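These notes concern the structure reproduced below.
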Amino acid sequence: SYPHLLAPLDLGFTTLRNRVLMGSMHTGLEDKASDYDKLAAFFAERARGGVGLIVTGGIAPNLQGWLKPLSGTMSMPWHVGRHRKVTRAVHAEGGKICMQILHAGRYAYQPFSVAPSKIKSPITPFTPRALSSRGVERSIDAFVRSAKLARDAGYDGVEVMGSEGYLINQFLTERTNTRTDRWGGSAENRMRFPIEIVRRTREAVGKDFIIIYRLSMLDLVDNAQPWGDIVTLGKAIEAAGATIINTGIGWHEARIPTIVTSVPRGAFSWVTRRMKGEVGIPLVTTNRINMPDVAERILADGDADMVSMARPLLADPEWVNKAKAGRPAAINTCIACNQACLDHVFENRRASCLVNPRACHETELTITPAAAMKRVAVVGAGPAGLAAATTLAERGHSVTLFDRASEIGGQFNMAKRIPGKEEFSETLRYFGHRLDETGVECRLGTDATTDALADGGFDTVILATGVLPRPLDLPGADHPKVLSYLDVLHGNAAVGPRVAIIGAGGIGFDVAEFLSEAAPSPSTDIARWTKEWGVDMTMATPGGLMPAQPEKSERQIWLLQRTAGRPGARLNKTSGWVHRATLKNKKVTMVGGVGYDRIDDDGLHVTIDGKAQVLAVDNVIVCAGQEPNRQLHEALVARGVDVRLVGGADAAAELDAKRAIDKATRLAAAL
Ligand code: MDE
Ligand code: FAD
Ligand code: SF4
Numbered sequence: 008s009y010p011h012l013l014a015p016l017d018l019g020f021t022t023l024r025n026r027v028l029m030g031s032m033h034t035g036l037e038d039k040a041s042d043y044d045k046l047a048a049f050f051a052e053r054a055r056g057g058v059g060l061i062v063t064g065g066i067a068p069n070l071q072g073w074l075k076p077l078s079g080t081m082s083m084p085w086h087v088g089r090h091r092k093v094t095r096a097v098h099a100e101g102g103k104i105c106m107q108i109l110h111a112g113r114y115a116y117q118p119f120s121v122a123p124s125k126i127k128s129p130i131t132p133f134t135p136r137a138l139s140s141r142g143v144e145r146s147i148d149a150f151v152r153s154a155k156l157a158r159d160a161g162y163d164g165v166e167v168m169g170s171e172g173y174l175i176n177q178f179l180t181e182r183t184n185t186r187t188d189r190w191g192g193s194a195e196n197r198m199r200f201p202i203e204i205v206r207r208t209r210e211a212v213g214k215d216f217i218i219i220y221r222l223s224m225l226d227l228v229d230n231a232q233p234w235g236d237i238v239t240l241g242k243a244i245e246a247a248g249a250t251i252i253n254t255g256i257g258w259h260e261a262r263i264p265t266i267v268t269s270v271p272r273g274a275f276s277w278v279t280r281r282m283k284g285e286v287g288i289p290l291v292t293t294n295r296i297n298m299p300d301v302a303e304r305i306l307a308d309g310d311a312d313m314v315s316m317a318r319p320l321l322a323d324p325e326w327v328n329k330a331k332a333g334r335p336a337a338i339n340t341c342i343a344c345n346q347a348c349l350d351h352v353f354e355n356r357r358a359s360c361l362v363n364p365r366a367c368h369e370t371e372l373t374i375t376p377a378a379a380m381k382r383v384a385v386v387g388a389g390p391a392g393l394a395a396a397t398t399l400a401e402r403g404h405s406v407t408l409f410d411r412a413s414e415i416g417g418q419f420n421m422a423k424r425i426p427g428k429e430e431f432s433e434t435l436r437y438f439g440h441r442l443d444e445t446g447v448e449c450r451l452g453t454d455a456t457t458d459a460l461a462d463g464g465f466d467t468v469i470l471a472t473g474v475l476p477r478p479l480d481l482p483g484a485d486h487p488k489v490l491s492y493l494d495v496l497h498g499n500a501a502v503g504p505r506v507a508i509i510g511a512g513g514i515g516f517d518v519a520e521f522l523s524e525a526a527p528s529p530s531t532d533i534a535r536w537t538k539e540w541g542v543d544m545t546m547a548t549p550g551g552l553m554p555a556q557p558e559k560s561e562r563q564i565w566l567l568q569r570t571a572g573r574p575g576a577r578l579n580k581t582s583g584w585v586h587r588a589t590l591k592n593k594k595v596t597m598v599g600g601v602g603y604d605r606i607d608d609d610g611l612h613v614t615i616d617g618k619a620q621v622l623a624v625d626n627v628i629v630c631a632g633q634e635p636n637r638q639l640h641e642a643l644v645a646r647g648v649d650v651r652l653v654g655g656a657d658a659a660a661e662l663d664a665k666r667a668i669d670k671a672t673r674l675a676a677a678l
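Under full-length UniProt numbering, think of the first position of the sequence shown as 8, with each following residue one higher.
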């Protein structure tokens, strides 16, 4: 049981049913009025799942505040109607919901952007216009008007987005605010903007309306706010009338990871704890809290009064109800991969979730009882096979799942061994539970053959047999020093101190991390991890940065790719930079545009920039891509079996469990 997590929180004029705040996430459904039925269904499912208080994705208070052209805005009476769909749906499920007001400032991907000063951000192409003094006043009015309209739309409150490096944050630091009027110059002047927003909002909305202020407590950039100023601001925000203070960690341009999977669980709750006692209103802590035991411990330790979880509620809308029912093993855990959520948002696509393809598609991807029961064989218990088998069984089909391995999981059993990808084992725990719950018949340690499948009386066979590593076509490819990533990650081969990795895709990067980091990895230990990345837990420096002290690698590693250019350029948008920085810290040599000549006793012979050279390595590890494993396909088709391909067996694209689970679920939902 989780007594602290499940305790109600009395806010005076209203009571939250528990301590779970669903943090703001842009889903891509906020921008067009025609998407609000989908958005309402998305939130309603989370309200039904027991969340204490929901916060919407960021809604702009005016056109200048748009993150991108035509972002969702709340500035005119005609914007209210679409939001009523959301608030009604949430209230009908017994939930409460606040609208987040987000002004992007210089982070806007649009030409009308404004900021306290004309200073471009390093991660956006547009230079903002500096607001005039009247412009500042008009911006405050826009926040207030937006909050009033949110109240008209039936929201229980608003969240004022004061962190992550957006407009309000830009006012607060000398880094981005070089004004000399009453909105800049001194710390007191720089704080005036958010304090006035909260004060005037409270005046306008009355007493019985929640105002959450998201306070940037750890900027993780240079020339940022000192801790003392952050405390002063927190107190002033309370005095100005905020109901709750939420924690913001890191600006988007920070080069310290804050939410990716290699960040330890609960890595930043110590930051919120520093604010405890400084203010009297409830404090919310955030970042990498994904399971009830972590949340309960943080609350029991007194680090905060509530926990914010965003992605974990994309992954499992029933998270709170499952915790309440004492069934944590049934939770579909967010593995913090960012692949279907934040990556999509930065690519201007609708968000979803790698482990839950229904997220943000609640009205379109529905799992309903099958019209007629079928007997289905699923071959392969990797992510695709697991998703297909459990969805089919949930719908009432009779499902037999084969895998030649003795455990479920396929390639996820390798992924979970990569330092910083420990979370991937949670997906296998979840699916293990689902297999039992849905009654799939599992035949592990069983090689599925054409005969067994064709003669087994199955109506349909789903091949989720995954991939085969692409063989290396090079003189010396059969030299004993050549290993496949399979040998290395399954622990079947000893690896020497000098290594060349051929292929710098996702698996090449993972293998390099596996070979350069000690186990258990710093991702399992907050103190080691903060040292590794240079986060100052004493907060002596403004921004909380100190020189990084990465643990040294025992190995000398070359990570090579044939394609010209920077290795790792094609890794995922919001996590690729973390992998590149990790390997740089480990002094891994990353080279693009490499010609491979041969492998012999001397090592790997390569040509780089037209110059032949030999890398004197003990091992060459091949990560040169994968091909679909369709060994059974042709023979089954020839025998007239209804065969379907999913996952890597359908299309091999290295790190693509997102597509594997999505396609498998969709196939199973329709069969
Ligand atoms: P990149 O290749 O890493 O960077 C491009 C170049 O810029 C340089 N760079 C910097 N130089 C100096 N100082 C810096 N601080 C700095 N930062 C970057 C890089 O070195 C690089 O130069 P090069 O090496 O090529 O010479 O990547 P990118 O520009 O393609 O994208 C970077 C990202 C925006 C993806 C990024 O940095 C991001 O991953 N940061 C972390 C974000 C994060 O995890 N935030 C925490 C929580 S997420 C959240 O709160 C909500 C996010 C949702 C959306 S929408 C919100 C609506 O509700 C946020 C939209 C933000 C718009 C900026
Ligand atoms: P697989 O996981 O390959 O499973 C296929 C299964 O079929 C295997 O268990 C195999 O034993 C079984 N099988 C094959 N033939 C037969 C037969 N005849 N009879 C019985 N059983 C059979 N993806 C991401 O999206 N994000 C990541 O961060 C990520 N990291 C990764 C890190 C590593 C180191 C690796 C190796 C992969 C990673 N991936 C990642 C890729 C991801 O694991 C794959 O996309 C995913 O596993 C594909 O799922 P699948 O079900 O199609 O196949
Ligand atoms: Fe979590 Fe990955 Fe799903 Fe995003 S896509 S919610 S990070 S599991």
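Ideal placement from N, C-alpha and C gives every residue a C-beta, glycine not left out. Nothing here was measured: the structure is a model prediction, and the numbers come from that model.
Check                                                                                                                                                                    : Outcome
Are the Cβ atoms of Ile263 and Gly257 separated by less than 9 Å?                                                                                                        : yes
Quick test of the definition: if touching needs 3 or more C-beta pairs under 8 Å, does the segment 388-404 touch the segment 668-677?                                    : yes
Can you say whether Trp85 is buried or exposed, counting buried as having 16 or more other CB atoms within 10 angstroms of its CB?                                       : exposed
Just to confirm, is the Cβ distance from Leu227 to Val542 under 9 Å?                                                                                                     : yes
According to the neighbour-count rule (16 or more other Cβ atoms, all chains shown, within 10 Å of its Cβ), is Phe150 buried or exposed?                                 : buried
Considering only heavy atoms of the ligand MDE, does any lie closer than 8 Å to the CB of Ala157?                                                                        : no
Please report how far the alpha carbon of Tyr116 lies from the alpha carbon of Glu354, in whole angstroms.                                                               : 12 Å
Have a look at Arg182 and Ile61 and give me their C-alpha separation to the nearest angstrom.                                                                            : 32 Å
Quick one: does the C-beta of Lys103 sit closer than 8 Å to a heavy atom of the ligand SF4?                                                                              : no
Just checking, does the segment 50-57 make contact with the segment 313-326 on the three C-beta pairs under 8 Å criterion?                                               : yes
Can you tell me the Cα-Cα spacing of Gln232 and Val383, whole angstroms?                                                                                                 : 60 Å
Taking the alpha carbon of Leu460 as the reference point, which residue from Gly483, Arg209, Val406, Ala667 has its own alpha carbon closest?                            : Val406
Would you decide whether Arg646 is buried or exposed? Buried here means 16 or more other CB atoms lie within 10 Å of its CB.                                             : exposed
Which residues in the same chain as Arg605 place their Cβ atom closer than 6 Å to its Cβ, once the five residues preceding and following it in sequence are excluded?    : Pro482, Gly483, His612
Do the CB positions of Asn297 and Glu430 come within less than 9 Å of each other?                                                                                        : yes
What are the partner residues of Glu166, as DSSP defines its beta bridges?                                                                                               : Gln107, Ile219
Using a threshold of 8 Å, is the CB atom of Asp663 nearer than that to any non-hydrogen atom of the ligand FAD?                                                          : yes
Tell whether a beta-carbon distance below 9 Å holds between Ile217 and Val286.                                                                                           : no
For the beta strand (DSSP E) that Met597 lies in, which residues bound it at each end?                                                                                   : 596-598
Run through the segment 647-673 for me and flag every whole beta strand (DSSP E) of 3 or more residues, listed as ranges in chain order.                                 : 650-652
Would you say the segment 513-532 touches the segment 626-643, given that touching needs at least three Cβ pairs under 8 Å?                                              : yes
Quick one: Cα of Leu590 to Cα of Thr292, how far?                                                                                                                        : 30 Å
Is Ser139 buried or exposed, if buried means 16 or more other CB atoms sit within 10 Å of its CB?                                                                        : exposed
May I have the straight-line CA-CA distance separating Phe438 from Ala394, to the nearest angstrom?                                                                      : 8 Å
Within the segment 395-474, note down every full alpha helix (DSSP H) run reaching 4 residues or more, in order along the chain.                                         : 419-422, 431-445, 457-461
Please report the Cβ distance between Arg113 and Pro132, rounded to the nearest whole angstrom; I am assuming they are in contact, meaning their Cβ atoms lie under 8 Å. : In fact, because the Cβ distance is near 11 Å, the residues do not count as touching under 8 Å.
Check the C-beta distance from Leu320 over to Met29 and give it rounded, since I have them as a contact under 8 Å.                                                       : 5 Å
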